[in-house]
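Numbering (numbering that gives the first Met the number 0), first residue to last: 0 to 426.
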Amino acid sequence: MRTMIADLDPSRAGSVLLRGWIRRIRETKSTTFIMLSDCSGTIQVVAEPSMTRSLALRADSAVAVTGRPRREERAPGGLEVDCDVLEVLGAAQETLPFTSVSRLEQISPELAINYRPLALRTERGGAIFRVEAALAEEFRAAMRRRRFTEIFTPKIVASATEGGSNLFEIRYFDRAAYLAQSPQFYKEHGVAGLERVFETGHVYRAEPHASSRHLCEYYSLDLEMGFIDGLRDMIELEREALSEMFANLHKRFGESLKSFDTYFPSLERAPVWEFGECLDRLRRAQGREDLTDDLDPLAERQLSEMAAQEKGVAAVFVIGFPMSSRPFYTHPACDGVHAAGFDLLLRGLEVTTGGQRLHRRAELEAALRARAIDPAKFETHLRMFDLGMPPHGGLAIGLERLTCQVLGLKNIREATMYPRDLNRLEP
Numbered sequence: 000m001r002t003m004i005a006d007l008d009p010s011r012a013g014s015v016l017l018r019g020w021i022r023r024i025r026e027t028k029s030t031t032f033i034m035l036s037d038c039s040g041t042i043q044v045v046a047e048p049s050m051t052r053s054l055a056l057r058a059d060s061a062v063a064v065t066g067r068p069r070r071e072e073r074a075p076g077g078l079e080v081d082c083d084v085l086e087v088l089g090a091a092q093e094t095l096p097f098t099s100v101s102r103l104e105q106i107s108p109e110l111a112i113n114y115r116p117l118a119l120r121t122e123r124g125g126a127i128f129r130v131e132a133a134l135a136e137e138f139r140a141a142m143r144r145r146r147f148t149e150i151f152t153p154k155i156v157a158s159a160t161e162g163g164s165n166l167f168e169i170r171y172f173d174r175a176a177y178l179a180q181s182p183q184f185y186k187e188h189g190v191a192g193l194e195r196v197f198e199t200g201h202v203y204r205a206e207p208h209a210s211s212r213h214l215c216e217y218y219s220l221d222l223e224m225g226f227i228d229g230l231r232d233m234i235e236l237e238r239e240a241l242s243e244m245f246a247n248l249h250k251r252f253g254e255s256l257k258s259f260d261t262y263f264p265s266l267e268r269a270p271v272w273e274f275g276e277c278l279d280r281l282r283r284a285q286g287r288e289d290l291t292d293d294l295d296p297l298a299e300r301q302l303s304e305m306a307a308q309e310k311g312v313a314a315v316f317v318i319g320f321p322m323s324s325r326p327f328y329t330h331p332a333c334d335g336v337h338a339a340g341f342d343l344l345l346r347g348l349e350v351t352t353g354g355q356r357l358h359r360r361a362e363l364e365a366a367l368r369a370r371a372i373d374p375a376k377f378e379t380h381l382r383m384f385d386l387g388m389p390p391h392g393g394l395a396i397g398l399e400r401l402t403c404q405v406l407g408l409k410n411i412r413e414a415t416m417y418p419r420d421l422n423r424l425e426p
């Protein structure tokens, strides 16, 4: 039976079977030293040169090692395995574009994507995707602790969720269908039955961007909550949940992420600034006169820097955007002009969009008509609001963006296994 490297116990007699990839090979006249890695860790294997020479071993080959573990203070980790049998399970090519001991930050992003399995074996590549997985795991755990139920909704839909033209159209037997831009409608249906729901899954935006922050397919952490009093309930929920998630990640990974520019802040001090206040701040501090109904990437960075200087945390909740820049289902603020919605900017990047939703059918129909949309096109959604829909709100977090911001990555493609954007459809 196979033993994982992290589970090796030299106090137990007998041999063990290890399987993994060769990271490095160093050969002397009397000994071959092999650094072997699996998903749990790395260990040094010691073998007779006569055994290894006949196998023509190369770095990054997949191998099986049968041997006896023992303590060796001079070895990395204080353990070593004396090899009795070594089998090559899958040989690596003699020439690779890079190896598992390469510095991933020195490799072009395009090359790393084209050879993603090899990039994942590097310390940096493996760490990025383990942290990303842990963020999704911590999000699910935070939701369950707050009595949210996980739901699983369709990604093939009959019409747009967010409106607009950024839809991927597909053939669905004899008619057109679309890839879902968001699980928003289904989350609201979930609220009508379960009160508190969340989902993690892919969403699709046919936006012709090729920037360092945009993807056409990304992974979204979504939640929706019923019986809220207003927008602040959603902000406080995210403030608590993200602070909790970041604290847990710091405990789990803090020591192993020293090579990253990590940021796991508490959001307790993150300010809540009105959109109009943000424009005033940018005007006074930066001379910005060009913004009217939304924030651009530069403004997001500038506002995060202001929050860091004033509050000690590079994060800010921006509320009160113009209604025209928000989806039709957004509830208006008390003034009836601005939206009861928010964006969370973290380290200069929007990672969350959320807010309070309209929960009365007549108001939703009026909002659709105001945008020259026939409510009849949304009848299967609107009829759910005849069933006793409570006041509710929700939010969506882009997982890849969140991963970038907590690890200090410069490009969202570093945190995307196989990006789908304007130019890339493979691997």
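Cβ coordinates follow ideal geometry from the N, Cα and C atoms, glycine included.
Here the structure is a predicted model, which is why all the values come from computation and not from measurement.
Original post:
By Cβ distance below 6 Å, which residues in the same chain neighbour H249 in space, the five residues on each side in sequence not counted?
Top reply: F263
**OP:** Would you list the one or two residues that DSSP bridges to D295?
**Re:** Looking at the DSSP assignment, D295 forms no beta bridge with any residue, so it has no partner.
Original post:
What are the complete beta strand (DSSP E) segments, minimum 3 residues, inside the segment 269-341?
Top reply: 271-273, 314-318
Original post:
So, is K186 buried or exposed, given that buried needs 16 or more other C-beta atoms within 10 angstroms?
Top reply: buried
Subject >> For A74 and P296, the rounded distance between their alpha carbons >> reply: 48 Å
**OP:** Jot down the residue ranges of each uninterrupted alpha helix (DSSP H) in the segment 148-213, minimum 4 residues, whole runs only, in chain order.
**Re:** 183-193
Original post:
Which of the three DSSP states, helix, strand or coil, is assigned to R102?
Top reply: coil
Subject >> Rounded straight-line distance, which links the Cα of S10 to that of R23 >> reply: 26 Å
Original post:
Under 8 Å between the Cβ atoms of I227 and H330?
Top reply: no
Subject >> Nonlocal neighbours in the same chain, by C-beta distance under 8 Å from H201, ignoring five residues either side >> reply: K154, E216, Y217, Y218, S219
**OP:** Let me know if C333 comes out buried or exposed under the rule of 16 or more other beta-carbons within 10 Å of its beta-carbon.
**Re:** exposed
Original post:
In whole angstroms, what is the alpha-carbon distance linking S49 and L78?
Top reply: 23 Å
Original post:
CA-CA distance, R283 and L348?
Top reply: 21 Å
Subject >> Sufficient close CB pairs (3 or more, under 8 Å) joining the segment 89-108 to the segment 373-384 >> reply: no
**OP:** Give the C-beta separation of I396 and V350 to the nearest angstrom, bearing in mind that I take them to be a contact with Cβ-Cβ under 8 Å.
**Re:** 6 Å
Subject >> Element boundaries [alpha helix (DSSP H), containing D228] >> reply: Looking at the DSSP string, D228 is not in any alpha helix (DSSP H), and its letter there is neither H nor E.
Original post:
Taking the alpha-carbon positions, what's the K223 to R115 distance?
Top reply: First, the amino acid is wrong: residue 223 is Glu here, not Lys. Rounded to the nearest angstrom, the two C-alpha atoms are 34 Å apart.
**OP:** Measuring alpha carbon to alpha carbon, tell me which of R57, A111, Q301, N113 ends up nearest T94.
**Re:** R57
Original post:
Any idea what DSSP makes of A246, helix, strand or coil?
Top reply: helix
Original post:
So, are the CB atoms of L230 and F341 less than 8 Å apart?
Top reply: yes
Original post:
Thinking C-beta only, is H358 closer than 8 Å to P326?
Top reply: no
Original post:
How should E413 be labelled, buried or exposed, when 16 other C-beta atoms within 10 angstroms of its C-beta is the threshold for buried?
Top reply: buried
**OP:** Please report the Cβ distance between A306 and A269, rounded to the nearest whole angstrom; I am assuming they are in contact, meaning their Cβ atoms lie under 8 Å.
**Re:** 7 Å
Original post:
Ordered along the chain, which non-local residues of its own chain (more than five positions away) have a Cβ less than 7 Å from that of M244?
Top reply: L134, E137, F138, A141
Original post:
Which class does C215 belong to by DSSP, given the choice of helix, strand or coil?
Top reply: coil
Original post:
Beta carbon of F32, beta carbon of V15: below 8 Å?
Top reply: no
**OP:** Measure the Cβ-Cβ separation of A314 and L345 and say whether it is below 8 Å.
**Re:** yes
Original post:
Just how far apart, CA to CA, sit S107 and H337?
Top reply: 44 Å
Original post:
Based on the DSSP output, what are the partners of I33 in its beta bridges?
Top reply: I24, V44
Subject >> DSSP beta-bridge partners of G89 >> reply: A61
**OP:** Please report the residue range of the alpha helix (DSSP H) in which G124 lies.
**Re:** 122-144
Original post:
Of all the options G76, F259, T121, R52, which has the alpha carbon lying nearest to the alpha carbon of W20?
Top reply: T121
**OP:** Kindly list the residues whose CB is nearer than 7 Å to the CB of T2, restricted to its own chain and excluding five residues on each side of it in sequence; keep chain order.
**Re:** V15, L16, L17
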